[in-house]
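Visitor:
2 protein chains.
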Amino acid sequence: MDDPVLVEVARGALVESRHRGAVAVSDADGRLAFALGDVTAPVFPRSAVKALQALVLFETGAADVYSLNEEELALACASHSGEPGHVAAVTRMLARAGLETSALACGAHWPASEAAARELARVGAPSALHNNCSGKHAGFLCDACAMGADPAGYWQPEHPVQRQVHAVLEDLTGAVLSDDRRGIDGCSVPTWAIPLQNLAHAFAKFATGHRLSPARARATERLRQACARKPWYVAGTGRFCTEIMQLFGTRVFVKTGAEGVYCGALPEQGLGIAIKCDDGASRASQAIMAALIARFLPLSEAERAALQAYIHPILLNWNRFDVGSLRVTDAI
Amino acid sequence: MDDPVLVEVARGALVESRHRGAVAVSDADGRLAFALGDVTAPVFPRSAVKALQALVLFETGAADVYSLNEEELALACASHSGEPGHVAAVTRMLARAGLETSALACGAHWPASEAAARELARVGAPSALHNNCSGKHAGFLCDACAMGADPAGYWQPEHPVQRQVHAVLEDLTGAVLSDDRRGIDGCSVPTWAIPLQNLAHAFAKFATGHRLSPARARATERLRQACARKPWYVAGTGRFCTEIMQLFGTRVFVKTGAEGVYCGALPEQGLGIAIKCDDGASRASQAIMAALIARFLPLSEAERAALQAYIHPILLNWNRFDVGSLRVTDAI
Chain A
0 MDDPVLVEVA RGALVESRHR GAVAVSDADG RLAFALGDVT APVFPRSAVK ALQALVLFET
60 GAADVYSLNE EELALACASH SGEPGHVAAV TRMLARAGLE TSALACGAHW PASEAAAREL
120 ARVGAPSALH NNCSGKHAGF LCDACAMGAD PAGYWQPEHP VQRQVHAVLE DLTGAVLSDD
180 RRGIDGCSVP TWAIPLQNLA HAFAKFATGH RLSPARARAT ERLRQACARK PWYVAGTGRF
240 CTEIMQLFGT RVFVKTGAEG VYCGALPEQG LGIAIKCDDG ASRASQAIMA ALIARFLPLS
300 EAERAALQAY IHPILLNWNR FDVGSLRVTD AI
Chain B
0 MDDPVLVEVA RGALVESRHR GAVAVSDADG RLAFALGDVT APVFPRSAVK ALQALVLFET
60 GAADVYSLNE EELALACASH SGEPGHVAAV TRMLARAGLE TSALACGAHW PASEAAAREL
120 ARVGAPSALH NNCSGKHAGF LCDACAMGAD PAGYWQPEHP VQRQVHAVLE DLTGAVLSDD
180 RRGIDGCSVP TWAIPLQNLA HAFAKFATGH RLSPARARAT ERLRQACARK PWYVAGTGRF
240 CTEIMQLFGT RVFVKTGAEG VYCGALPEQG LGIAIKCDDG ASRASQAIMA ALIARFLPLS
300 EAERAALQAY IHPILLNWNR FDVGSLRVTD AI
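Chains A and B are the protein sequences, given in the same order.
Numbering that gives the first Met the number 0 numbers the first residue of the first sequence as 0 and each following residue consecutively.
Numbering that gives the first Met the number 0 numbers the first residue of the second sequence as 0 and each following residue consecutively.
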């Protein structure tokens with residue numbers, strides 16, 4: 000089945016590029032409220048499921064043993080921009096478990112924030128702390144220590160931490176995450192391919208706590224509240240995830256993943272959302288998420304106007320001339 | 000008509016993302032040697048036609064009046080990486096016409112080269128010289144001066160330089176480039192949408208000089224030779240355009256354009272090539288170009304192996320683990 004065109008990129012009077020994709024919106028019973036394209040094909044969710052991976056912080060007791068605060072819980076769910084505030088908070092998070100930067104196995108890359116990268120270039124080079132996944136990795140290390148497991152190799156599929164992540168993902172998504180569905184993520188931890196309808200179902204459970212044990216339902220609430228109250232720690236300055244949660248607070252949870260994935264939750268509507276842009280373009284998946292929020296959430300005029308800037312952004316060139324726009328199609 | 004999937008991006012055992020696109024390969028008489036997808040829809044060629052725009056340097060006499068050398072001719076055809084050698088050469092090029100950086104209207108951006116950008120961040124900020132199009136703009140300024148036109152506004156559609164660019168593009172492509180096909184490029188000059196079959200035809204003429212006046216045929220030869228001899232100036236360190244022309248010399252001309260466009264010429268085969276990836280992904284259009292070169296050019300074993308690294312590159316994560324690969328489909 001061919002996925003439909005969900006986003007067009009216009010230049011002048013013509014469409015210059017097109018993005019196809021698939022979308023699933025589910026309630027906590029697994030009933031689809033909306034679907035476009037193939038929602039049954041397995042999709043690597045990449046970083047879009049960090050909040051589900053972070054549930055293990057509560058199952059292992061790490062969140063309480065190390066008294067992780069809301070900034071740190073948000074960082075465990077984050078693909079952060081490597082700004083100085085992110086780096087400092089991950090350093091503190093590691094210290095809570097008595098660990099140092101050298102324990103992180105995510106690899107180093109320059110900050111995703113251009114400004115932070117330029118600033119860092121003036122004085123040094125990036126470490127694993129600047130990796131957008133360092134908060135998640137610090138969380139995995141806290142998990143290992145709280146479990147009494149050797150933190151070395153915490154990123155490998157057979158390590159107790161990743162086995163528990165696997166169990167949580169299988170339970171929430173209802174998908175069988177067999178080894179032939181397993182890939183290696185950018186930060187070296189396992190990523191399992193999961194159909195969009197299952198991802199949307201998992202995020203509806205995450206949104207509501209329905210069909211979860213009381214303890215796990217409470218854990219989803221703590222993570223949602225942490226991200227809603229400290230959204231800068233989930234992404235960073237000027238980033239969509241941060242700006243959307245700044246705008247909507249606890250009414251919307253959103254999280255990006257590499258290769259055009261977005262997951263989200265609308266707690267008041269009891270809905271979970273999962274998006275995959277076929278070609279991996281995040282400019283498209285972000286616009287689709289904005290359009291889905293506008294479709295399912297009751298909005299004030301100001302909120303609708305704020306979302307419109309993401310649904311139909313004007314594209315400026317290096318001289319800041321208006322040269323075109325990106326727009327979500329009528330399919331959504 | 001739906002364009003076919005031409006590139007798949009695999010992670011582990013699964014396809015993670017897919018890129019659709021269209022391809023035209025033409026001879027100088029406009030006969031298609033190969034075509035996939037819709038080759039009749041207008042496509043903004045963006046920077047992929049800089050070598051055709053640079054033909055105006057010979058029509059205005061600027062190339063000879065200002066004694067532009069091969070580095071400077073290659074830069075006029077370039078989307079360079081903003082490395083120090085590129086910036087120095089554009090500065091010299093402007094000086095030949097008695098102009099300074101302030102004459103450039105392309106706008107400033109950080110160097111496309113990560114290393115050059117980090118280095119620059121340690122000492123300052125980018126100017127218009129670092130814009131990947133600054134060589135083309137320096138060429139347009141040389142054109143204006145050689146024509147005796149006011150260089151101010153050289154980037155606007157009604158300026159004599161852009162009118163001559165328009166005439167050259169219409170003549171080579173055989174397409175009618177009406178105002179409703181005109182967009183504004185990233186560097187503010189006009190870009191006209193042109194069907195892939197016409198772009199491929201134009202590059203077959205550029206490859207061979209067939210169906211061109213003797214003077215224009217000689218101009219195409221000088222530009223092809225300049226790019227083949229100074230390929231670093233057409234792109235930069237580690238870039239596909241540079242590495243391909245380093246590998247094949249005068250046997251292959253290739254040039255990338257924004258939003259997933261690639262144009263190329265195979266002079267010995269008398270063929271021109273034009274590629275558009277529907278979603279604008281350059282990772283895909285580059286791999287498609289490599290596959291087309293492998294299909295149409297007789298290759299040594301070493302050349303075939305070198306191309307294979309672009310047709311089917313292994314993807315490494317931040318820890319340099321092999322996590323997947325990009326691969327051109329059997330359609331090509």
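We put the CB at the ideal spot given by N, CA and C, even for glycine.
1. On the DSSP bridge list, what partners appear for Trp191 of chain B?
2. Could you check where the alpha helix (DSSP H) with Gly134 of chain B kicks off and where it finishes?
3. If contact means a Cβ-Cβ distance below 8 angstroms, which residues of the stretch 251-265 of chain A contact chain B?
4. Does the distance from the CB of Ile331 of chain A to the CB of Ile272 of chain A come in under 8 angstroms?
5. Please list, in chain order, the chain B residues whose beta carbon lies closer than 8 angstroms to that of Leu13 of chain A.
6. Which residues in chain A have a C-beta closer than 8 angstroms to the C-beta of Phe247 of chain B? List them in chain order.
7. For a contact meaning CB atoms closer than 7 angstroms, what does Val188 of chain B contact in chain A?
8. Would you say Phe320 of chain A lies against chain B (beta-carbon separation less than 8 angstroms)?
9. From the DSSP output, which residues share a beta bridge with Arg10 of chain B?
10. Give a yes or no on whether the C-beta atoms belonging to Ala239 of chain B and Tyr153 of chain B are separated by under 8 angstroms.
11. Based on the DSSP secondary-structure assignment, which residues constitute the bridge partners of Asp26 of chain B?
12. Residues bridged to Cys262 of chain B by DSSP?
13. Have a look at Gln163 of chain B and Phe295 of chain A and give me their C-alpha separation to the nearest angstrom.
14. Under three-state DSSP, which class holds Ile313 of chain B?
15. For Leu128 of chain A and Cys186 of chain A, I'd like the C-alpha separation in whole angstroms.
16. Tell me, please, whether the CB atom of Ala107 of chain A is closer than 8 angstroms to any CB atom in chain B?
17. Hey, Ala395 of chain B and Tyr232 of chain B are a contact pair by Cβ (cut 8 angstroms); roughly how many whole angstroms apart?
18. Is the CB of Asp20 of chain A under 8 angstroms away from at least one CB in chain B?
19. Taking the Cβ atom as the reference point for each residue, do Met46 of chain A and Thr207 of chain A lie within a distance shorter than 8 angstroms?
20. Can you tell me which of A:Val55, A:Ala116, A:Arg326, A:Ser66 puts its alpha carbon nearest to the alpha carbon of Ala284 of chain A?
21. Please confirm if Val8 of chain B has its CB atom under 8 angstroms from at least one CB of chain D.
22. Once DSSP output is grouped into helix, strand and coil, what is the label at Arg238 of chain B?
23. DSSP state of Leu5 of chain B, grouped into three classes?
24. Let me confirm a value: Ser212 of chain B is counted as buried when at least 16 other C-beta atoms fall within 10 Å, else exposed. Which label applies?
25. Going by DSSP, name the residue or residues bridged to Val42 of chain A.
26. Just to confirm, are Asp63 of chain B and Gly36 of chain B a CB contact at a threshold of 8 angstroms?
27. Run down chain B in chain order and give the residues with a C-beta less than 7 angstroms from the C-beta of Asp278 of chain A.
28. Using 8 angstroms as the threshold, is the stretch 190-199 of chain A in touch with the stretch 101-116 of chain A, meaning 3 or more CB pairs across them?
29. Any beta carbon of chain A sitting closer than 8 angstroms to that of Asn197 of chain B?
30. Would you kindly work out how many angstroms separate the C-alpha atoms of Asn316 of chain A and Glu258 of chain B, rounded to a whole number?
31. Please work out which residues of its chain come closer than 8 angstroms, Cβ to Cβ, to Gly279 of chain B, disregarding the five sequence neighbours upstream and downstream, and give them in chain order.
32. Using Cβ-Cβ distances below 8 angstroms, what residues of the stretch 120-148 of chain A are close to chain B?
Guide: In terms of the structure at hand:
1. B:Arg181
2. 133-146
3. Glu258, Gly259
4. no
5. Pro41, Phe43, Arg180, Gly182, Ala192
6. None at all; the shortest Cβ gap to chain A is about 29 angstroms.
7. Under the 7 angstroms cutoff, chain A gives no residues; its nearest Cβ is about 10 angstroms from Val188 of chain B.
8. yes
9. B:Leu13, B:Gly323
10. A quick correction: the sequence has Phe, not Ala, at residue 239 of chain B. It is not a contact, given that the beta carbons lie outside the stated cut-off.
11. B:Leu270
12. B:Lys254, B:Ala273
13. 52 angstroms
14. strand
15. 12 angstroms
16. yes
17. Since the first residue of chain B shown is 0 and the last is 331, residue 395 of chain B is not available in this structure.
18. Going by the sequence as given, residue 20 of chain A is Gly instead of Asp. Not an interface residue.
19. Note that residue 46 of chain A is Ser in the sequence shown, not Met. No; because the gap between Cβ atoms is not below 8 angstroms, this pair is not in contact.
20. What sits at residue 284 of chain A in the sequence shown is Ser, not Ala. The candidate whose alpha carbon is nearest that of Ser284 of chain A is A:Arg326.
21. In the structure shown, chain D cannot be found, because the protein chains are A and B.
22. coil
23. strand
24. exposed
25. A:Ile193
26. no
27. Ser16, Arg17, His18, Asp278, Ala280
28. no
29. no
30. 13 angstroms
31. Ala257, Glu258, Gly259
32. Ala120, Arg121, Asn130
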